[in-house]
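Numbering (the UniProt record's numbering), first residue to last: 1 to 384.
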């Protein structure tokens, strides 16, 4: 079996998620956005798929890097292919990103699962068939009835608990919101949520990412009093030393890194420098499912949990295959949006949750996405 084709279809699909000037997601009017479907095909008819933003898989990226490495290769040689693609990143002047690398690798895993008629989480480990989810909110906003006040966070948290969530993570206010950043507002929102849901719901905070050490310490100590489960990315992650200082001065677990580059290499540095108590990795951020597993097993070897960043089929597959991850991140959630609504390019959501707050791993072959190919064909804007 050899790879014979790498193709991208850019299609339009409706979305009610808007971005502010800093790139944070908020509810908005329904508009058509562009999405890309990456297809990797083989000489025996096998195919694998991955969805992503079109800018990650522009024609130049596919032609100059992806096809150059993949065509003629055995698709089951994922590690060899990944290493070759990663080496090409150095000469790409930043064009071939870790997120693009992750899409290619996801499509290879999807292909393998579809070929072998097994879900990817079984191929890479098969640790569990369900996982408790935490409801991960959108960032705070200035929309009345949304997430514009601490009380509204508390009201929304009550609804999430009624839905079945046993844990909730807050994303609080960030610029361009007029009063952000504001440590006291963050603390007030966290206190309102704790009061609303009681002592038995696990709570986490992912706050403003550029707080000073002392602001982060102030918030962290308040979270300790509120019995929060972890404190995530309150400072720039470029300074592992600042996180080591924070972790040493707080009893609440510090979780990270989320957004720093460096794949599994930078995560190893964070463990070495004692910069976190819980390690963090997501498939898109570290370049694929394989490297995300490397981070998880690195954490396991040090007796640490590794919480997987973000939702989606690939991250869920990793969560289903490792023992040292307690939650699946389900979001981003907002009072004005229905997370259960099926995207137009799928026939079902990838992470249905039961009334007890568990997301069940799919038994569909590959990554488990039930793709609506007819919709994509009817709404394709371009191919390359």
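For each residue, glycine too, the CB sits at the ideal point set by N, CA and C.
Exercise for review: Go ahead and label residue 136 buried or exposed: buried means 16 or more other beta carbons lie within 10 angstroms of its beta carbon, across all protein chains shown.
Suggested key: Per the 10 Å Cβ criterion, buried.
Practice item. Report the three-state DSSP secondary structure of residue 122 (helix, strand or coil). Key: Helix.
Exercise for review: Given a cut-off of 7 Å, decide if residue 101 and residue 287 are closer than it, judged by their beta-carbon atoms.
Suggested key: When the beta-carbon positions are compared, residue 287 and residue 101 come within less than 7 Å of each other.
**Study point:** Helix, strand or coil at residue 230 according to DSSP, with G and I counted as helix
**Key:** Residue state, collapsed to three classes: strand.
Review point. Can you give the Cα-Cα distance for residue 321 and residue 5, rounded to whole angstroms?
Key: Taking the Cα positions, residue 321 is about 29 Å away from residue 5.
Exercise for review: Report the partner residues of residue 306 according to the DSSP bridge assignment.
Suggested key: DSSP lists 279 as the bridge partner or partners of residue 306.
Check your understanding: Taking Cβ to Cβ, would you say residue 62 is nearer than 7 Å to residue 3?
Key -> Not closer than 7 Å, so no.
Point to revise | Contact the region 165–173 vs the region 133–150: 3+ CB pairs below 8 Å | key: Contact between the region 165–173 and the region 133–150 is present, because at least three Cβ pairs lie under 8 Å.
Exercise for review: Please report how far the alpha carbon of residue 354 lies from the alpha carbon of residue 83, in whole angstroms.
Suggested key: Straight-line Cα distance between these residues: approximately 39 Å.
Practice item. In the DSSP assignment, find the alpha helix (DSSP H) that holds residue 99 and state where it starts and stops. Key: Going by DSSP, residue 99 is part of the alpha helix (DSSP H) stretching over 98–116.
Exercise for review: Please specify which runs of the beta strand (DSSP E), each continuous and at least 3 residues long, are wholly inside the region 146–185, giving them in chain order.
Suggested key: Taking only runs of at least 3 residues, the beta strand (DSSP E) segments lying wholly in the region 146–185 are 167–171.
Exercise for review: Answer with buried or exposed for residue 93, where buried requires no fewer than 16 other C-beta atoms within 10 angstroms of its C-beta.
Suggested key: Exposed, since its Cβ has fewer than 16 Cβ neighbours within 10 Å.
Check your understanding: When every heavy atom of the ligand PLP is checked, does at least one fall within less than 6 Å of the C-beta of residue 141?
Key -> For the ligand PLP, the structure offers nothing, since it holds no ligand at all.
Check your understanding: Apart from the five residues just before and just after residue 50, which ones in its own chain have a Cβ nearer than 6 Å to its Cβ?
Key -> Closer than 6 Å at Cβ, skipping near neighbours: 38, 103, 106, 107.
Check your understanding: Considering only C-alpha positions, which residue in the set 220, 348, 367, 224 is nearest to residue 289?
Key -> Among 220, 348, 367, 224, the Cα nearest to that of residue 289 is on 367.
**Study point:** Inter-stretch contact (C-beta, 8 Å, three-pair minimum) for the region 334–350 and the region 9–20
**Key:** Enough Cβ pairs lie closer than 8 Å, so yes.
Check your understanding: For residue 259, which residues from the same chain have a beta carbon less than 8 Å from its beta carbon, with the 5 sequence-adjacent residues on both sides left out?
Key -> Shown here for residue 259: same chain residues with a beta carbon closer than 8 Å to its own, the five before and five after excluded, namely 209, 233, 237, 285 in chain order.
Check your understanding: Around the C-beta of residue 161, are 16 or more other C-beta atoms found within 10 angstroms, so that it is buried, or is it exposed?
Key -> Per the 10 Å Cβ criterion, buried.
Check your understanding: From residue 212 to residue 312, what distance separates their C-alpha atoms?
Key -> For residue 212 and residue 312, the distance between alpha carbons rounds to 32 Å.
Check your understanding: When the distance is taken between beta carbons, is residue 56 closer than 7 Å to residue 69?
Key -> No. Outside cutoff.
Review point. How big is the Cα-Cα spacing for residue 87 and residue 119?
Key: Answer to the nearest angstrom: the Cα atoms are 29 Å apart.
Practice item. Kindly indicate the opening and closing residues of the beta strand (DSSP E) around residue 328. Key: For residue 328, the enclosing beta strand (DSSP E) covers residues 328–333.
**Study point:** Spatial distance of residue 183 from residue 74 (CA atoms)
**Key:** Taking the straight line joining both Cα atoms gives about 52 Å.
Practice item. Out of 164, 53, 125, state which residue places its alpha-carbon closest to the alpha-carbon of residue 352. Key: Checked all of 164, 53, 125; the closest Cα to residue 352 is 164.
Review point. When the Cα atoms are used, what is the spatial distance from residue 217 to residue 195?
Key: Going by the C-alpha atoms only, they are around 22 Å apart.
**Study point:** Nearest residue (CA-CA) to residue 291, options 261, 278, 350, 142
**Key:** Closest by alpha carbon: 261.
Check your understanding: The alpha helix (DSSP H) with residue 214 in it runs from where to where?
Key -> For residue 214, the uninterrupted alpha helix (DSSP H) run begins and ends at 213–225, by DSSP.
**Study point:** residue 373 versus residue 349 - alpha carbon distance
**Key:** Approximately 15 Å, taken between the alpha carbons.
Review point. Can you give the Cα-Cα distance for residue 186 and residue 207, rounded to whole angstroms?
Key: One alpha carbon belongs to residue 186, the other to residue 207, and they sit about 7 Å apart.
Practice item. Could you pull out every residue in the same chain whose Cβ sits closer than 8 Å to the Cβ of residue 324, ignoring the five residues on either side in sequence? Key: Closer than 8 Å at the Cβ level, and outside the excluded window around residue 324, lie 296, 299, 300, 304, 305, 306.
Practice item. If I'm right that residue 273 touches residue 314 with Cβ under 8 Å, what's the distance once you round it to whole angstroms? Key: Going by Cβ atoms, the distance from residue 273 to residue 314 rounds to 28 Å, so no, they are not a contact pair.
Check your understanding: Does DSSP put residue 34 in a helix, a strand or coil?
Key -> For residue 34, the three-state secondary structure derived from DSSP is strand.
Practice item. Determine which residues share a DSSP beta bridge with residue 8 and list them. Key: In the DSSP output, where bridge partners are listed per residue, residue 8 has 38.
Review point. Do you know how far the Cα of residue 177 is from the Cα of residue 22?
Key: Distance between the alpha carbons of residue 22 and residue 177: 10 Å.
Exercise for review: Identify which residue in 112, 381, 198, 58 has its Cα closest to the Cα of residue 95.
Suggested key: The shortest C-alpha to C-alpha distance from residue 95 to any of 112, 381, 198, 58 is the one to 58.
Review point. On the three-state DSSP scale, how would you describe residue 68?
Key: In the three-state scheme derived from DSSP, where H, G and I count as helix and E and B as strand, residue 68 is classed as helix.
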